[in-house]
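Reviewing the structure listed below.
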Amino acid sequence: MFNTNDIALLKLKDPVNENFQETDPAPQALSRPPYGSKCIVMGWGRKFANGPLVSNLTMLEVQLITPAQCRRFIPEMTDEMLCTVSRNNTLPVGPCPGDTGGPLFCNDALIGIVSYTMGCSRVNFPTVYTSVFYHQLWIEDLLDRGGQQRIKLAIGMLIWSYMMT
1 MFNTNDIALL KLKDPVNENF QETDPAPQAL SRPPYGSKCI VMGWGRKFAN GPLVSNLTML
61 EVQLITPAQC RRFIPEMTDE MLCTVSRNNT LPVGPCPGDT GGPLFCNDAL IGIVSYTMGC
121 SRVNFPTVYT SVFYHQLWIE DLLDRGGQQR IKLAIGMLIW SYMMT
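Residue 149 in the UniProt record's numbering sits at position 149 of the sequence shown, and the numbers go up by one each step.
Put into structure tokens, the structure is as follows:
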């Protein structure tokens with residue numbers, strides 16, 4: 001039901017023009033934000049369960065919850081995952097189908113990638129993210145192999161293209 005290691009990096013064949021301002025990579029978090037932190041998730045998914053796709057990028061405030069809180073709903077949760085719930089505990093809002101792959105930002109730093117949601121119609125049901133911080137050593141290992149600038153630009157390009165499509 002749940003994917004693990006739900007993350008990928010692309011290595012570009014050719015360098016990207018660094019003067020193209022839209023490719024600034026999102027900063028990665030140096031540590032996991034405290035549980036309870038207010039975060040922002042973005043997506044191009046559905047407006048509501050079984051509804052139409054949005055025509056503009058949607059942003060939603062969510063709250064980072066503890067693994068123990070998440071495991072009450074999702075026992076399969078692993079250390080490489082993060083979970084959030086809506087900051088409005090009475091409305092059924094959250095990332096919807098089609099938002100998978102979207103970024104999760106806390107304190108303006110990229111900390112997660114939408115991996116799994118039960119839809120956007122369940123109050124207090126968590127959304128699962130791949131933790132970018134958990135995969136930091138793997139990312140740094142790839143950067144140390146000589147592709148640092150290309151990989152940083154690729155991450156920025158992917159996020160930019162996701163937000164612009």
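Don't be surprised by glycine CBs; every beta carbon is placed ideally from N, CA and C.
Based on the DSSP output, what are the partners of residue i in its beta bridges?
{"i": "PRO97", "result": "Partner(s): none; PRO97 has no beta bridge."}
{"i": "THR78", "result": "THR78 is not bridged to any residue."}
{"i": "SER86", "result": "VAL62"}
{"i": "THR130", "result": "MET81, ILE113"}
{"i": "residue 176", "result": "Outside the displayed range of the chain (1 to 165) lies residue 176, so it cannot be described from this structure."}
{"i": "LEU53", "result": "ARG46"}
Could you check the C-alpha separation between residue i and residue j for me, to the nearest Å?
{"i": "CYS120", "j": "ILE74", "result": "16 Å"}
{"i": "SER161", "j": "LYS11", "result": "Bear in mind that the predicted position of SER161 carries a pLDDT of just 48, short of 50, making it unreliable; the figure below should be weighed with that in mind. Looking at the two C-alpha atoms, the distance is approximately 16 Å."}
{"i": "ASP141", "j": "ARG46", "result": "36 Å"}
{"i": "THR66", "j": "CYS96", "result": "21 Å"}
{"i": "LYS38", "j": "PHE105", "result": "9 Å"}
{"i": "ALA68", "j": "LEU57", "result": "31 Å"}
{"i": "ALA26", "j": "ARG72", "result": "32 Å"}
{"i": "PRO33", "j": "LEU137", "result": "17 Å"}
{"i": "GLY98", "j": "TRP44", "result": "6 Å"}
{"i": "PRO52", "j": "VAL93", "result": "15 Å"}
{"i": "ALA29", "j": "PHE133", "result": "6 Å"}
{"i": "LEU60", "j": "VAL41", "result": "5 Å"}
{"i": "TYR35", "j": "LEU82", "result": "10 Å"}
{"i": "ARG87", "j": "ASN124", "result": "9 Å"}
{"i": "SER115", "j": "ASP144", "result": "27 Å"}
{"i": "LEU9", "j": "ARG122", "result": "32 Å"}
{"i": "LEU64", "j": "CYS70", "result": "10 Å"}
{"i": "VAL62", "j": "THR100", "result": "15 Å"}
{"i": "THR165", "j": "PRO103", "result": "Note that THR165 has pLDDT 48, beneath the 50 cutoff, so the model's placement of it is unreliable and the number below is only indicative. Cα to Cα, THR165 sits roughly 14 Å from PRO103."}
{"i": "SER31", "j": "ASP14", "result": "31 Å"}
Taking the continuous alpha helix (DSSP H) assigned at residue i, which residues delimit it?
{"i": "GLN69", "result": "67-71"}
Assuming residue i is part of the beta strand (DSSP E), what are its boundary residues?
{"i": "LEU137", "result": "Where LEU137 is concerned, there is no enclosing beta strand (DSSP E), although the alpha helix (DSSP H) it sits in stretches over 136-142."}
{"i": "GLY43", "result": "38-43"}
If we define contact as Cβ-Cβ less than 8 Å, is residue i a contact residue for chain B?
{"i": "PHE125", "result": "No chain B is present in this structure, which holds just one protein chain."}
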